[in-house]
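These notes are about the structure you will find just below.
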Amino acid sequence: MTNNKKHLALTVFMITGGYHYDSWRREGSRAEGLGYLDLVVDMAKKAEAAKLDGIFFGDTVSAGKVPGVDPTVAGHYEPLTTLSALAAVTSRIGLIGTASTTFSEPYNVARQFSGLDSLSGGRAGWNVVTSAMGNENYGMDEMPAPADRYARATEFVDVVTKLWDSWSDDAVIVDREGGRWGDPDRIRRIDHQGDHYKVAGPINMRRSPQGHPVLVQAGSSGDGMRLGASIADLIYTAQPDMKLSQKFYDQFKAAVQQAGRRPEAVKILPGIVPIIGRTEKEGQELAAELGNLVNMDTGRTIMEQRLDMSLADIDLDEQIPAERFNLESSRSSRQRTEIFMRLSVEQGYTLRDLIIENARGHGHGWVIGSASQAADRMIEWFESGACDGFSLNSPYIPGGLDDICELLIPELQERGYYRDEYEGTTLREHLGLERPGAWDVQKVRAEEPANAG
Ligand SMILES: Cc1cc2nc3c(=O)[nH]c(=O)nc-3n(C[C@H](O)[C@H](O)[C@H](O)COP(=O)(O)O)c2cc1C
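With this note's numbering, letter number 173 in the sequence shown gets 760, and the count goes up by one each step, no holes.
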């Protein structure tokens, strides 16, 4: 069916409680099993049967403002342990996990993702985040300022990629006769010494199938975009409005070019919550049902955390005063604050409206209706230069993921915007991304005369 060579890049965000904050309250949700293996195995297998490019686990290293109230909080599943378990029961789907540069060391992260890449046959991806909370668990009195976090992140990723490149692809020789498994001449120290890290290297494991696990990033501030433009293969972003998404897309691709890379080398994936059914009416009924489940008390707490402000004195039917929005907070995402501020200040949303919007989309775009209508919208965004694909968020679990896999994906396949089968075996191949060369290939390239080829 697919004759359209350009197809969407699609990953699914494994928010195991359901993306809608209160959807775990539905009859038939799997809220009792959150944190256990069965749930994620079922979800991963379903996503793989639908030929999605990858599954994605977010992560935070804090139990949140009020522990236990928010079952969607990323953290029920520690990404690396979970993805390692899922590598064993899947064979093609990409396995993307989050690790924070603020609360880890490059040598650990390089080994974890290289290991996952080797164990999974080339399916690993690392979502590079600088984190907005968790300092209290790592001996820090305050969260470091965003600029400091990004300075550290930039050097961190540099060290990790140098470690990944420290073994050439042919360093493992398995010379039984000569008694040499690896060739030390093809393995190089990195001798990194920077402002934040001192790492001799090399890594102590063979180069993994993808060379570099796929690098994912979601920064939206100036520093965040600069880092993403220079290192990322995939960009996640919250874009509820098509025109603004086109603007972001153009700005980002220009930044990629400025960083000396091809714009096509980076795929931009806004989030989307498809609240869908077989018909428009079914989609609307689902949206109404989810809307009725919203717990305003919990919603207020989650909103306070998202916007990093107290809302105790604001009535649900009042608006948040414009001057309270703090775009410079180091404990919240500027992009999300801007989205909710726009709704409040420009569109007159009350606190109640904001809580409902946050429960439904967390600041991402959503679409209510039939699977066919959701496909229309995704194709419109794709064709109009607003994105290269989407990060799919299932409004509820398990049925919301079934609807994505069994209604929406076939609709996109039917219209030639998604492939019917995996065409490669690695995540890079699914996404049409090049495989980077190791240190020896880079050395040869650097020594080639400028006008060669
Ligand atoms: C789809 C998506 C997923 C994200 N996942 C995480 C995550 O798992 N952990 C985390 O700490 N931050 C996560 N972030 C936040 C980003 O890493 C980033 O901090 C945020 O978008 C704000 O950008 P800035 O840091 O440049 O201000 C995510 C953002 C988006 C859009």
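Ideal placement from N, C-alpha and C gives every residue a C-beta, glycine not left out.
Per DSSP, the beta-bridge partners of L597 are F977. Non-local C-beta neighbours of T885 in its own chain, meaning closer than 6 Å and more than five positions away in sequence, comprise V656, ordered along the chain. Counting other Cβ atoms within 10 Å of its Cβ, T717 reaches 16 or more and is therefore classed as buried. Note on M601: 16 or more other CB atoms within 10 angstroms of its CB, so buried under the neighbour-count rule. DSSP places F700 in the uninterrupted alpha helix (DSSP H) bounded by P693 to L706. Here A787 is exposed. Its C-beta has fewer than 16 other C-beta atoms within 10 Å. For secondary structure counted as the beta strand (DSSP E) over 3 or more consecutive residues, the stretch 827–873 holds these complete runs in sequence order: 854–864.
Bridge partners of G641 according to DSSP: T598 and G681. In the DSSP annotation of this structure, the continuous segment of the beta strand (DSSP E) that includes N714 starts and ends at A711 to V716.
T824: member of the beta strand (DSSP E) spanning L821 to T824, first to last residue. In the three-state reduction of the DSSP assignment, G886 falls in the helix class, which pools H, G and I. In the three-state scheme derived from DSSP, where H, G and I count as helix and E and B as strand, I955 is classed as strand.
The residue among V860, Q844 and V843 with its C-alpha nearest the C-alpha of Q826 is V860. Sequence-distant partners of M890 (beyond 5 residues in either direction) whose C-beta falls short of 7 Å from its own C-beta, in its chain, are L898, L941, I942 and N945. Residue pairing from DSSP places G769 in a beta bridge opposite V759.
Secondary structure note for V747: its alpha helix (DSSP H) is the uninterrupted segment P733 to W751. With a cutoff of 7 Å, P733 counts as near ligand 1, since its C-beta is closer than that to a heavy atom of the ligand.
The straight-line gap separating the alpha-carbon atoms of S917 and T647 is approximately 15 Å.
Under the 8 Å Cβ criterion, the stretch 975–990 counts as touching the stretch 612–620, having at least three qualifying pairs. Counting along the chain, L1018 sits inside the alpha helix (DSSP H) bounded by residues L1014 to L1018. Membership of Q906 in any beta strand (DSSP E) is not indicated, and neither H nor E is assigned to it by DSSP. Cβ-Cβ distances below 7 Å link W968 to M829, S832 and C974 in the same chain, with the five nearest sequence neighbours on each side left out; the list follows chain order. If you check the C-beta of N714 against ligand 1, you find a heavy atom less than 7 Å away. Just so you know, the alpha carbons of N722 and F743 end up roughly 18 Å apart. Nearest C-alpha to A1025 among M928, S919, V653 and P800: P800. As summarised for the stretch 595–635, the continuous beta strand (DSSP E) elements at least 3 residues long and confined to that stretch are 596–600, given in chain order. The criterion of a C-beta distance shorter than 8 Å is not satisfied by A819 and L750.
In terms of Cα proximity to Q780, the closest of V746, D756 and D810 is V746. With a cut-off of 7 Å, the C-beta of Y836 is classified as distant from ligand 1, since no heavy atom of the ligand falls inside that distance.
The alpha-carbon separation between Y725 and S678 amounts to approximately 36 Å. In this structure, W754 places its C-beta atom within 8 Å of the C-beta atom of R794. M727 has its alpha-carbon roughly 47 Å from the corresponding atom of Y1004. With a cutoff of 7 Å, A711 does not count as near ligand 1, since its C-beta is closer than that to no heavy atom of the ligand.
Distance from the Cα of T598 is smallest, within the candidate group A758, I855 and I760, for I855.
Distances from the CB of R1022 to the heavy atoms of ligand 1 are all 7 Å or more. Taken atom to atom, the span from the alpha-carbon of C992 to that of F839 is near 30 Å.
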